[in-house]
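Colleague: If you scroll down you'll find the structure; I have some questions about it.
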Amino acid sequence: RHSGTLYAMATCHKMHPDNDVQSVIKAAARYLQNESIFSVGGMERMLAVWSRPEVNGSGKPLQAKLGGTGIGLVALLSVEKIFPGFTSIDDLRALGRFIVFMQKEDGSFYSKYIPSMKGRQDNWQSLYYPGEAALGLLMLYEKDPSPIWLHSACRALEYLARSRADDTQIPADHWALLATEKALSIDKSLKLPVSRELFITHAIQICEAILRDQINDSARPGYDGGFSQDGRTTPTATRLEGLLAALSFIPKDHEVRQRISASIPRGIAFLLQAQIKEGVYSGAMPRAVIKFQGSGTDIEKFNRRATEVRIDYVQHAMSAMIQYQHLLKLQ
Numbered sequence: 233r234h235s236g237t238l239y240a241m242a243t244c245h246k247m248h249p250d251n252d253v254q255s256v257i258k259a260a261a262r263y264l265q266n267e268s269i270f271s272v273g274g275m276e277r278m279l280a281v282w283s284r285p286e287v288n289g290s291g292k293p294l295q296a297k298l299g300g301t302g303i304g305l306v307a308l309l310s311v312e313k314i315f316p317g318f319t320s321i322d323d324l325r326a327l328g329r330f331i332v333f334m335q336k337e338d339g340s341f342y343s344k345y346i347p348s349m350k351g352r353q354d355n356w357q358s359l360y361y362p363g364e365a366a367l368g369l370l371m372l373y374e375k376d377p378s379p380i381w382l383h384s385a386c387r388a389l390e391y392l393a394r395s396r397a398d399d400t401q402i403p404a405d406h407w408a409l410l411a412t413e414k415a416l417s418i419d420k421s422l423k424l425p426v427s428r429e430l431f432i433t434h435a436i437q438i439c440e441a442i443l444r445d446q447i448n449d450s451a452r453p454g455y456d457g458g459f460s461q462d463g464r465t466t467p468t469a470t471r472l473e474g475l476l477a478a479l480s481f482i483p484k485d486h487e488v489r490q491r492i493s494a495s496i497p498r499g500i501a502f503l504l505q506a507q508i509k510e511g512v513y514s515g516a517m518p519r520a521v522i523k524f525q526g527s528g529t530d531i532e533k534f535n536r537r538a539t540e541v542r543i544d545y546v547q548h549a550m551s552a553m554i555q556y557q558h559l560l561k562l563q
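Just add 232 to the spot in the sequence shown (first one is 1) and you have our numbering.
Dropping the structure here:
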C-alpha cells in the first residue's frame with residue numbers, strides 16, 4: 233500500500249507538479265529504501281521488498297512477497313522520473329533479479345519468499361502479484377533495456393493469458409491490464425517474445441468480465457456506475473484503472489471499445505460522488521458509499537467499516553482519476 237501510494241503520487245505529480253507533494257514523495261521513497269529493501273540471504277546481487285513483522289505488526293514471519301517487490305519497483309521507477317538517480321541502477325536491477333528468481337519455468341511465480349520456511353513458497357497465490365511483477369519488470373526494461381526483464385514480464389503475461397483462455401469466469405485483474413498496456417507501448421518496432429494478439433485477446437476477456445459487473449440501477453442512484461453490489465469504492469477504482477489502460481491498445485474497430493468508453497464516465501461519477509468533499513478529511517475516499525439499513529451481524533460488521541478511509545482506497549481512486557484526466561486530454 234505504501235508503494236502503491238508512492239506510485240500514484242509520483243504519477244499525479246508528473247501531471248500536476250506540486251512542491252509539497254514532491255517533498256512527501258521524496259520522504260516516502262526514502263522510507264521504502266531504508267525500512268523495506270534488503271538483500272536476500274545467500275543470493276548474490278539480489279534485493280527484495282520485505283514485510284517485516286516488527287513494522288507491519290502482522291505476527292507472520294519475515295517474508296518477501298512477489299507483489300511487494302513488483303510494486304516497490306514500480307514506485308521507485310516512478311520516482312526516478314522526478315528525481316533521476318534517486319535509486320541506483322544496481323539496486324533497481326537487484327530488485328528485478330529477485331522477481332526473475334521467483335518465476336517458474338512455465339511463466340508463473342512463487343508468491344512469497346520466507347527464510348524460516350526455506351525460501352520460495354507457492355502454497356498461496358495472489359491474483360494481483362503477477363501483474364504487479366510484470367509491470368515492475370517492464371518499467372525496469374524502459375530504463376535498463378536488458379532482454380531478461382522484457383522476456384520475464386512477457387512470459388508472466390503469456391502464462392496468465394493461456395491459463396485463462398478457456399475460462400468462463402475471468403478475474404478483474406487490473407494489474408495485468410496495466411502491465412499489458414506497458415508491454416504494448418514499448419517500441420512498436422520491437423518484436424515482443426510473445427504474440428501481441430494473445431495479450432489483446434486476454435485483455436478483452438478481462439474487460440468483458442469487468443463490464444458485466446457494472447451496476448445500472450436507477451432505483452439505487454448511490455450505487456449506479458459502481459462495480460460492487462455493496463457500494464465499496466475500491467473495486468470500482470481498480471476496475472476503472474484496468475479499463476482505462478485497455479483503451480490505449482484495444483483495436484479501434486473492436487466493438488468492446490464503445491462499451492468501455494461508455495462505462496468509464498459512469499464509474500468516475502460514482503467515485504466522485506463518494507469522495508469526501510468537506511472538513512479535515514476532504515479528498516479522502518471511504519470504503520463504501522453508504523451504510524446498509526437493517527440489523528444483523530453481517531450488516532453491522534459492514535457498517536462499522538463503511539466510513540473507514542484506508543490509504544489504498546484513496547490511492548486507487550486517485551490513479552483512476554489521473555488516467556481519466558489523461559484520456560480527456562488526448563481526446
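Glycine is no exception: its CB is placed at the ideal position from the N, C-alpha and C atoms.
Assign Gly463 to one of three DSSP states: helix, strand, or coil.
Modeller: Coil, per DSSP.
Colleague: Return no unless some Cβ of chain C is closer than 8 Å to the Cβ of Met371.
Modeller: Looking at the structure shown, chain C is missing, and only one protein chain is on hand.
Colleague: Is Leu424 near Ala365, with beta carbons less than 8 Å apart?
Modeller: no
Colleague: Report yes if the C-beta distance between Leu479 and Ile492 is below 8 Å; otherwise report no.
Modeller: yes
Colleague: Going by DSSP, name the residue or residues bridged to Val541.
Modeller: Pro518
Colleague: Going by DSSP in three states, Tyr345 sits in which element: helix, strand or coil?
Modeller: strand
Colleague: DSSP has Lys297 in a bridge; who is on the other side?
Modeller: Lys344
Colleague: So the alpha helix (DSSP H) Trp407 belongs to, where does it begin and stop?
Modeller: 406–417
Colleague: Tell me which same chain residues have a C-beta within less than 8 Å of the C-beta of Cys439, skipping the five on either side of it?
Modeller: Leu409, Gly474, Leu475, Ala478, Ile482, Val488, Ile492
Colleague: Pull up the CB-CB distance for Phe431 and Leu389, whole angstroms please, since I reckon it's below 8 Å.
Modeller: 6 Å
Colleague: Reducing DSSP to helix, strand and coil, say where Trp356 ends up.
Modeller: coil
Colleague: Decide if Leu324 is buried, meaning its Cβ has at least 16 other Cβ atoms within 10 Å, or exposed.
Modeller: buried
Colleague: Please list, in chain order, all residues of the same chain as Tyr391 whose beta carbon is under 7 Å from its beta carbon, the five residues on each side excluded.
Modeller: Asp338, Gly339, Ser340
Colleague: Identify which residue in Arg537, Ile496, Gly528 has its Cα closest to the Cα of Met553.
Modeller: Ile496
Colleague: Which residue's Cα is closest to the Cα of Leu308: Lys484, Gln295, Gln265, Gly274?
Modeller: Gln265
Colleague: Where Val306 and Leu294 are concerned, what is the direct C-alpha to C-alpha distance, given to the nearest angstrom?
Modeller: 22 Å
Colleague: Between the Cα of Thr470 and those of Arg277, Ala404, Ile418, spot the shortest distance and give me the residue it belongs to.
Modeller: It is Ala404 whose Cα lies nearest to the Cα of Thr470.
Colleague: Can you tell me which of Ile269, Ile314, Val287 puts its alpha carbon nearest to the alpha carbon of Asn251?
Modeller: Ile314
Colleague: Tell me whether Tyr513 is buried or exposed, calling it buried when 16 or more other Cβ atoms sit within 10 Å of its Cβ.
Modeller: exposed
Colleague: For Ala261, does the count of other Cβ atoms within 10 angstroms reach 16, so buried, or fall short, so exposed?
Modeller: buried
Colleague: Cβ of Ala433 within 8 Å of Cβ of Ala393?
Modeller: The sequence given here places Thr at residue 433; Ala does not occur at that position. The answer is yes: Cβ separation under 8 Å.
Colleague: Does DSSP put Leu479 in a helix, in a strand, or in coil?
Modeller: Coil, per DSSP.
Colleague: Hey, Gly457 and Ala520 are a contact pair by Cβ (cut 8 Å); roughly how many whole angstroms apart?
Modeller: That pair is no contact at about 14 Å.
Colleague: When you compare only the Cα positions, how much space is there between Phe459 and Thr465?
Modeller: 8 Å
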